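Comments concern the structure below.
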Amino acid sequence: MKSILITSALPYINGVKHLGNLIGSQLPSDVYARFMRALGFEVLFICATDEHGTPAELAAIEKNIPVGDFCKEMWSLQKEIADHFYISFDHFGRSSSEQNHNLTQHFASRLWENGFIEEIEEEQVYSLDDNRFLPDRYITGTCPACKYEKARGDQCENCTKQLNPTDLINPKSTISGSKSLEIRTTKHLFLKQSMLKDRLAKWLDTKEKWPLLTKSIAKKWLNAKEGLKDRAITRDLSWGIPVKKFGSIWPGFENKVFYVWFDAPIAYIAATKEWSDEHKLNESSWKRWWLTDQGAGEVSYVQFMAKDNIPFHTISFPATIFGSGENWKQVDFIKGFNWLLYEGGKFSTSEKRGIFMDKALDLYPADYWRWWLLANAPENSDTDFTWESFQSTINKDLADILGNFISRVSSFCVSKFGHRIPDNNQYGKLEKKTIRKIEAHYGHLIELMKEIEIRKSCNELRSIWVIGNEYLQEAAPWSVFKENPEQSKMIIRFALNLINLYSLISEPFIPGTCQKIQDHFQFAKLKKFPENLSLFLDTLGSEHEISVPKILFPKITDEERSKYQKDFSGC
């Protein structure tokens, strides 16, 4: 059984993320990590904050604090929010760590040594009003390919075309809005991706099982008409990883840093070393996840990200690894996601449009958001969050199907038989038929989660919940009780065993609720899913005490929906 290394795209440090960021990487990677652990796989789940680049500098200036202090503060906040959403990282690191400094400089040195880095003088945009060179992302203008008017200087997020700032039509500074821009000459290090094109192409051809979204974007970049471009991996900034070669400042690059998109993917490796160092483990403990000659050949490496991150993870980072000439682990599977829209438009911090992760937790429990986002994950196309859909999904799936089943069973048990599970009785034909139905869906659920089909997995889990309600309706313990109390006891014992199963297999999706269920019913908090459902569903007997939980899923009212629809519609 292979070990599984899971990385979630690094959230940028400059602010609290919105729900689209959550479903684009952290949440689906968490469900997958939890599920694979429960199947018995050894899992290492890694993430970190992406801390370098101009946005961090500007955000710190706005708050009037040093950029290092700002990043430390925001790292703590982002970790706290992730914890409240039950994201089960094994380690949540920082791209500004000493480990990432050392590894990034190491990769650059190896690339230089192997002939894949070149020093090139280039023309770059300089803002007279801002008195600085403008990084690619701080220049916007019209995309020359699709005419999108808010394209960035490195990439058009509308058509995903890779750009240089000088390609833009009518460019302006996003810092000041100034159009007083001029071209000046500066020197940068370029990663010679073009030299690695054939190797990248052969490698991508082996990824037959990658999602269409992931592979199509990778191929689009690789086979662009203008060819695979060499990319600058340094910037004229003060905040970032200093440009060093073999431990010494790179001559001519004293006042430059490495480009954020060069060091950020390397931070996956560095964060794993952070994890190892934090736990005072030896060097082999992290290297076995990342070096194929030290154990990583037996590791399955899965990345999660939104579609705008795909080019850097399918082209630039693999090129860095190949170019190093070392035995670093390449990714095995990339799960890419489309956009989550908000009521037909984009989330916007400046316009106060949409739900951001901190505000979401003020409104409803984390599991409400987790379930809706997972059940509507933008896997094959963009998904539109609407308050009507959110209300309908939560009220139907969680309140009416799962919550109602748990409430009816526990209330009936306590009212008729007390707080102990009724005496053991052998199950009948209906119970055995119900087990067979659940087994079929359970098997499908496991296969779908192994394939990282998030929405389909939610459908299977929902179907398993529905089977419990159908069983209860057909068995009708309230009617049977009048003439055959013993039969009614058996029905309730079986139904309580179903609740035990639900609390276990639903945990990757709605962990907070499942913890509550396990606490109220005093279920054993098992780490692994059952292999034999027939045996598992006969586990609980008369020695087991339960209590009736409060309403697990209060319904979202029409008044709440209307209020929040208005409150978060934007200025």
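With the working numbering, letter number 517 in the sequence shown gets 539, and the count goes up by one each step, no holes. The C-beta atom is built at its ideal place from N, Cα and C for all residues, glycine as well. None of the values given here were measured: they were computed from a predicted structure.
Starting from the Cα of residue 195, find the closest Cα among 295, 36, 151 and give me that residue.
If we check each option's Cα against that of residue 195, 151 comes out closest.
Please list, in chain order, all residues of the same chain as residue 539 whose beta carbon is under 6 angstroms from its beta carbon, the five residues on each side excluded.
Around residue 539, the same chain offers 525 as residues with beta carbons nearer than 6 angstroms, after the five sequence neighbours per side are excluded.
Give every residue of the same chain whose Cβ lies closer than 8 angstroms to the Cβ of residue 576, excluding the five residues on either side of it in the sequence, and list them in chain order.
Answer for residue 576: 421, listed in chain order.
So the candidates are 224, 60, 414, 45; which of them puts its Cα closest to the Cα of residue 580?
Considering only alpha carbons, the answer is 414.
I believe residue 208 touches residue 144 by the beta-carbon criterion, under 8 angstroms. Please report the beta-carbon distance rounded to the nearest angstrom.
That belief holds up - the Cβ atoms of residue 208 and residue 144 are roughly 7 angstroms apart, short of 8 angstroms.
What residues match up with residue 267 in a beta bridge as DSSP calls it?
270, per the DSSP bridge assignment.
Pairwise C-alpha distance: residue 522 and residue 542
Between residue 542 and residue 522, the C-alpha separation is close to 11 angstroms.
In the DSSP output, what is residue 147 paired with across the bridge?
DSSP output for residue 147 lists 205 as bridge partner(s).
Residue 47 in three-state terms, based on DSSP:
DSSP, read as helix, strand or coil, puts residue 47 in helix.
Just reading off the beta strand (DSSP E) that residue 29 is part of, what are its end residues?
Annotation for residue 29: the continuous beta strand (DSSP E) segment containing it runs 25-30.
Name the residue from 106, 74, 479 whose alpha carbon lies nearest to the alpha carbon of residue 93.
If we check each option's Cα against that of residue 93, 74 comes out closest.
Could you tell me how far apart the beta carbons of residue 605 and residue 393 are, in whole angstroms, since I believe they sit closer than 8 angstroms?
The structure shown does not extend to residue 605, since the chain is modelled only from 23 through 593, so no value can be given for it.
Let me check understanding here. Comparing Cα to Cα, which of 325, 216, 250 lies closest to residue 28?
Considering only alpha carbons, the answer is 325.
Residues that DSSP places opposite residue 323 in a beta bridge
27, per the DSSP bridge assignment.
Indicate whether residue 374 and residue 199 have their beta-carbon atoms separated by less than 8 angstroms.
Between residue 374 and residue 199, the C-beta spacing is not below 8 angstroms.
Rounded separation between residue 590 and residue 382 - CA only
Distance between the alpha carbons of residue 590 and residue 382: 11 angstroms.
Could you tell me if residue 48 is buried or exposed, where buried requires 16 or more neighbouring beta carbons within 10 angstroms of its beta carbon?
Residue 48 comes out buried.
Neighbourhood of residue 340 by C-beta distance below 7 angstroms, restricted to the same chain and skipping five residues each side
Apart from the 5 residues on each side of it in sequence, residue 340 sits with its Cβ closer than 7 angstroms to the Cβ of 222, 225, 352 in its chain, given in chain order.
Between the C-alpha atoms of residue 193 and residue 187, what's the straight-line distance to the nearest angstrom?
About 8 angstroms.
Rounded distance between the beta-carbons of residue 566 and residue 430, thought under 8 angstroms
That belief does not hold up - the Cβ atoms of residue 430 and residue 566 are roughly 19 angstroms apart, past 8 angstroms.
Pick from 389, 371, 366 that is closest to residue 406, judged by C-alpha positions
Per the Cα distances, 366.
Flag this pair as yes or no: are the beta carbons of residue 483 and residue 531 separated by less than 8 angstroms?
In contact: residue 483 and residue 531 (Cβ atoms closer than 8 angstroms).
Determine whether the beta carbon atoms of residue 535 and residue 288 lie at a separation below 8 angstroms.
For residue 535 and residue 288, no; Cβs fall outside 8 angstroms.
Can you tell me which of 279, 214, 242 puts its alpha carbon nearest to the alpha carbon of residue 251?
Closest in alpha carbon position to residue 251, among 279, 214, 242, is 214.
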